[in-house]
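> Below is a structure I'd like to ask you about.
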Amino acid sequence: MSPLLIIVLIVWLISAIGLILFVLLHSGKGTGLSDIIAGSVYSSTSGTSLVEKNLDRITIVFAVVFVVSLLILMLIYPQGSIVAQ
Numbered sequence: 012m013s014p015l016l017i018i019v020l021i022v023w024l025i026s027a028i029g030l031i032l033f034v035l036l037h038s039g040k041g042t043g044l045s046d047i048i049a050g051s052v053y054s055s056t057s058g059t060s061l062v063e064k065n066l067d068r069i070t071i072v073f074a075v076v077f078v079v080s081l082l083i084l085m086l087i088y089p090q091g092s093i094v095a096q
């Protein structure tokens, strides 16, 4: 394995885990499954807080890094190398 492939795989793995965690950190908006199960505890009239905006930004960054690293992996990973090993 080349060092570039290892680095991109590590970045991809970290971004995948981070994306999952930050998506799970989002609060329910009252229209999804989380609101049906847990019920509406918070009032939606207060608007979006600074924490929620920053959480959205961080989630978008993780999503972009995930997609870009996935595209790079598709380009540099040798086709059929899993079967050949």
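In our numbering, the protein residues as written are 12 to 96.
Every residue, glycine too, gets a C-beta built ideally from N, C-alpha and C.
(1) Does DSSP classify I18 as helix, strand or coil?
(2) Inspect the beta-carbon positions of I87 and S13 and report whether they are closer than 9 Å.
(3) Between which two residues does the alpha helix (DSSP H) containing S80 stretch?
(4) If we count the other Cβ atoms within 10 Å of its Cβ and call it buried at 16 or more, is V75 buried or exposed?
(5) Between the C-alpha atoms of P89 and L16, what's the straight-line distance to the nearest angstrom?
(6) With H, G and I counted as helix, E and B as strand and the rest as coil, what does DSSP make of S38?
(7) Look up S26 in the DSSP assignment and say whether it is helix, strand or coil.
So, from the data block:
(1) helix
(2) yes
(3) 61 to 87
(4) exposed
(5) 10 Å
(6) coil
(7) helix
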